[in-house]
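A.B. asks: Shown below is the structure under consideration.
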Amino acid sequence: MLGGKPIECWLPAEYKDSWEDYTEIYCWARNTYWVSFHANIPVEEQNRENHMISYYQWTPFFLVICAFMFYFPCLIWRLFYDRSAWSESGNFPRVTYCDMDIRILGNVQKHTVQCVLVINIFTEKVFILLWIWYTVLALVSATSLFSWAYSSFPFIQRKRFILRRLELADIEFNRKNFKAELDKFVRDYVKMDGVFVLKMLTIHSGILVCTEVVDVMWDAFLAEIGKYPLSEDELKKAEIPGSDLLEVPRPPPRRKISVLVPLLCKSGISGYRKKFSAKS
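Heads up: the sequence shown begins at 2 in our numbering, then just goes up one per residue.
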């Protein structure tokens, strides 16, 4: 490897030259083992194998790999360097030329002068910042578009949005008892555009207002399909013995979000209910 033999062995005098060459090649290929000069050579072969040295055959390959790893970054750098030269696009040039005609003694002479556009030094920086800003806005808009599409188009996402509002509006709301009604409410009553409007209402007016609106829509939907809960007068009438409403099952107690939020005007909520009832 370094200009001489990689291994030299001390052999008995009776070995011929051919034997010496063969022995050295064999020992080089088969590995050798190390024993201290002041220690005895192990008798058992297993003890000799414990001190086996088997790395020196791979030293040239290791050095080649190290050399390549040092050279590889330089190779990559040169590859990019050859293809990364600055090219002037001409959009914001700093040095330009101007042709002008000058009349001298009745003759028109054309002159070409070199000019420096100092304003382009600042204009270029401004448009670089704008380009970065528009790129960031495009990425944010694309992310928002996919997020809205994922939460609006699949039915399961729209159902989950409405379900969360109903659970917030009615503490005793049980999704198992209203599974069929809930699917019909989301698919046929609120629909996709209604979910979009409710999400916009959540963003601009808050989750409390949106929850109250969904609760009103749910009551109107139950009334439309004939499963609207009994009113207070009907509940009082149902308590009278012999009443026709005695056998009607009472709805579970409901706690509206309006009683949980003192800052939310109840008269305003009543107005929302009246307007929605009038429109429906």
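Ideal Cβ placement from N, Cα and C applies to all residues, glycine included. Nothing here was measured: the structure is a model prediction, and the numbers come from that model.
1. Is it right to say residue 212 is buried, meaning 16 or more other beta carbons lie within 10 angstroms of its own, or is it exposed?
2. Using the DSSP secondary-structure output, state which residues sit across from residue 117 in a beta bridge.
3. May I have the straight-line CA-CA distance separating residue 96 from residue 126, to the nearest angstrom?
4. Using the beta-carbon count (16 or more within 10 Å), is residue 117 buried or exposed?
5. Grab the span of the alpha helix (DSSP H) containing residue 158 for me, first residue to last.
6. Have a look at residue 250 and residue 196 and give me their C-alpha separation to the nearest angstrom.
7. So who's on the other strand from residue 204, going by DSSP bridges?
8. DSSP state of residue 112, grouped into three classes?
9. Grab the span of the alpha helix (DSSP H) containing residue 346 for me, first residue to last.
10. In whole angstroms, what is the alpha-carbon distance linking residue 163 and residue 78?
11. If you reduce the DSSP assignment to three classes, tell me which class residue 133 lands in.
C.D. replies: According to the structure data:
1. Counting Cβ neighbours within 10 Å, residue 212 comes out buried, since at least 16 surround it.
2. In the DSSP output, where bridge partners are listed per residue, residue 117 has 96.
3. Each residue's Cα considered, the two are about 16 Å apart.
4. Burial call: exposed.
5. It spans 156-170 - the alpha helix (DSSP H) in which residue 158 sits, taken as one unbroken run.
6. Because the pLDDT of residue 250 is 43, which lies under 50, any placement of that residue in the model is unreliable, and the question is left without a value.
7. Looking at the DSSP assignment, residue 204 forms no beta bridge with any residue, so it has no partner.
8. Correct three-state label for residue 112: strand.
9. Any property of residue 346 remains undetermined from this structure, which presents the chain solely from 2 to 281.
10. Between residue 163 and residue 78, the C-alpha separation is close to 56 Å.
11. Note: residue 133 maps to helix in three-state DSSP.
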